[in-house]
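Protein chains in written order, with my numbering: chain F, 1 to 264; chain E, 265 to 528. Beneath this line is the structure, given in structure tokens, with notes to follow.
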């Protein structure tokens, strides 16, 4: 608990990355995507499944290069095709490969690299680029508030088979915390879209918990407790960013579909 | 052999579908995608892996609806995200699901539904929509020519661990056959882009064999001989269209990247 809180301070550089945005954030997202997919694949190795980290690195770099040179949506489609294609060709060494090796390669690249890529996309969303803060506010706000609410008031288990310590009270507290934090952010920094911030706070409070639980399911099936031990008390990169993988796309598609702003 | 050739005649309706194009082809592609992914998932069930056919049907219909209403690339990106997301949420019934169930769901939708979707995209490629014929000419031309060349001249095994009967001679014959057929097609129907047709014939002769071998790898790992028995002597839908899954995207991205035509 003490380690957990203290180590939380190590996350402070993240604030700087978010503040600077642009190239700094771009590089950070790529790096976190690559480190995250490495942890994800290491988990699979515990199940004797061997995804190709090499393919993941190449495809992660390719995705960010496409974005950098301005080849957007039609490029992402080609990227999707090539990602699946190359992962399937990985099976041609048939004696040393299982179908799971290719399927986990595909899943890791999309789940970790592609999902986290949306953080960069939000940063590029012109007048709405500040909404990048909502990605982390909802993710970490939900996490912290759920933790303390559950600690103080938790009585009823949420889904003991996936995550035994989580409670319904904690879950609700997390959502309320996410709404409050997003609301405060909107009130002070984006008052003209305060209502959108509140709605994102609500949605983020929900999807961030799905992100957390999804990671828990993977870890449980892989038979590991944490994805890594990069940050003492916080586990690996993926343990810390499991919710961001879900709140990033949520904020991005909210901007595109609800607000109607199309980043180019 | 006789059954194989006779049953080939059953493929004639395919010519009508290609000739009509438009809505007829659109519907046929969606149907073939859904039937194909069903066969693919049935193969996984032999390995005690249980992908969700329900998710695949919903996502296949969603992809074609997006295309139909004209929400293209940015919509496909959302479709990719939702496909992965929903397949991951499928794991929340944690006691009855394995990671492989979600990963095979994802792989099937992308490999079968998304790859075959490119046939529709080529049909929508304005002045180049006739290149849809090259998708099947290269796929079936390679297949038939490789079969007969291998039958007559085959001496050296191509990759006995994946497909024991294939020979290098057959493979080369298939590529040459694909070039000749594509060249003849270009000469008579698209003389202004004859060179492109020849190049596509060469590329198609290669990628269609990769498509064939990829399907063989899956079937071998699944422990099945054919994906189905829809067409006597030809197996299932996927046995027939395994090469089209690769030549379809190849022709589409050739049009976009090499010819430089961007379908809208």
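Every residue, glycine too, gets a C-beta built ideally from N, C-alpha and C.
Quickly, what does DSSP pair residue i with across the bridge? List them, please.
i: residue 159/F; result: 163/F
i: residue 492/E; result: Partner(s): none; residue 492/E has no beta bridge.
Is the beta carbon of residue i less than 8 Å from the beta carbon of residue j?
i: residue 527/E; j: residue 320/E; result: no
i: residue 88/F; j: residue 478/E; result: yes
i: residue 188/F; j: residue 134/F; result: no
i: residue 395/E; j: residue 519/E; result: yes
i: residue 37/F; j: residue 109/F; result: yes
i: residue 281/E; j: residue 217/F; result: no
i: residue 483/E; j: residue 297/E; result: no
i: residue 337/E; j: residue 73/F; result: yes
i: residue 246/F; j: residue 223/F; result: no
i: residue 85/F; j: residue 75/F; result: no
i: residue 288/E; j: residue 327/E; result: no
i: residue 99/F; j: residue 485/E; result: yes
i: residue 139/F; j: residue 244/F; result: yes
Leaving out the 5 sequence neighbours to the left and right, which residues in its chain are closer than 7 Å to residue i when beta-carbon positions are compared?
i: residue 303/E; result: 491, 492, 500, 501, 502
i: residue 102/F; result: 87, 88, 90, 91
i: residue 333/E; result: none
i: residue 197/F; result: 134, 182, 183, 185, 186, 190
i: residue 419/E; result: 431, 433
i: residue 250/F; result: 203, 204, 207
i: residue 494/E; result: 500, 501
i: residue 12/F; result: none
Residues in the same chain with beta-carbon distance under 6 Å from residue i, minus the five sequence neighbours each way, listed in chain order, please.
i: residue 445/E; result: 401, 405
i: residue 202/F; result: 179
i: residue 26/F; result: 120
i: residue 104/F; result: 44, 49, 51
i: residue 417/E; result: 433
i: residue 504/E; result: 498
i: residue 361/E; result: 355
Excluding five sequence neighbours on each side, which residues of the same chain lie with their C-beta closer than 8 Å to the C-beta of residue i?
i: residue 21/F; result: 123, 129, 132
i: residue 157/F; result: 164, 166, 167, 168
i: residue 324/E; result: 294, 297, 298, 301, 373, 377
i: residue 415/E; result: 434
i: residue 143/F; result: 174, 208, 212, 243
i: residue 464/E; result: 395, 398, 402, 446, 514, 515, 518
i: residue 230/E; result: No statement about residue 230/E is possible, as the shown extent of chain E runs from 265 to 528 and does not include it.
i: residue 127/F; result: 261
i: residue 159/F; result: 166, 213
i: residue 194/F; result: 183, 186, 187
Please list the residues of the region 39 to 65 of chain F that have a C-beta atom closer than 9 Å to any C-beta atom in chain E, keeping them in chain order. With the criterion set as a beta carbon lying under 9 Å from some beta carbon of chain E, the members of the region 39 to 65 of chain F are 44, 47, 49, in sequence order.
Are the region 463 to 470 of chain E and the region 439 to 453 of chain E touching, with three or more C-beta to C-beta distances below 8 Å? Verdict: yes, contact present.
With 8 Å as the limit, tell me which residues of the region 100 to 115 of chain F have their beta carbon closer than that to any beta carbon of chain E; keep them in chain order. Flagged, chain order: 100, 102, 103, 104, 106, 107, 110, 111, 114, 115.
Would you be able to state if there are at least three C-beta pairs under 8 Å between the region 65 to 81 of chain F and the region 371 to 391 of chain E? Output reads yes: the region 65 to 81 of chain F touches the region 371 to 391 of chain E.
Quick one: which residues of the region 335 to 366 of chain E get their C-beta closer than 8 Å to a C-beta of chain F? List them in chain order. Within the region 335 to 366 of chain E, the qualifying residues are 336, 337, 338, 340, 341, 342, 344, 345, 348, 349, 352, 353, 355, 356, 358, 359, 362, 363, 364, 366.
Against chain E, which members of the region 192 to 220 of chain F pass a CB distance test of less than 8 Å? In summary, the residues of the region 192 to 220 of chain F whose CB is separated from some CB of chain E by less than 8 Å are 210, 213, 214, 217, 218, 220, in the order they occur in the chain.
Of the residues that make up the region 150 to 167 of chain F, which ones have a beta carbon closer than 9 Å to any beta carbon in chain E? Cβ contacts with chain E come from 159, 161, 162.
Using a Cβ-Cβ cutoff of 8 Å, what residues of the region 119 to 133 of chain F are near chain E? List them in chain order. Result list empty, no residue passes.
Name, going along the chain, the residues of the region 492 to 519 of chain E whose beta-carbon falls closer than 7 Å to a beta-carbon of chain F. Among the residues of the region 492 to 519 of chain E, those with a Cβ less than 7 Å away from any Cβ of chain F are 513, 517, in the order of the chain.
Tell me which residues of the region 400 to 411 of chain E have at least one Cβ-Cβ distance to chain F shorter than 7 Å, keeping chain order. Legend: CB atoms of the region 400 to 411 of chain E lying less than 7 Å from CB atoms of chain F are not found in any residue.
For the region 274 to 287 of chain E, enumerate the residues whose C-beta is nearer than 7 Å to any C-beta of chain F, in chain order. Against chain F - using a Cβ distance shorter than 7 Å - the region 274 to 287 of chain E contributes no residues.
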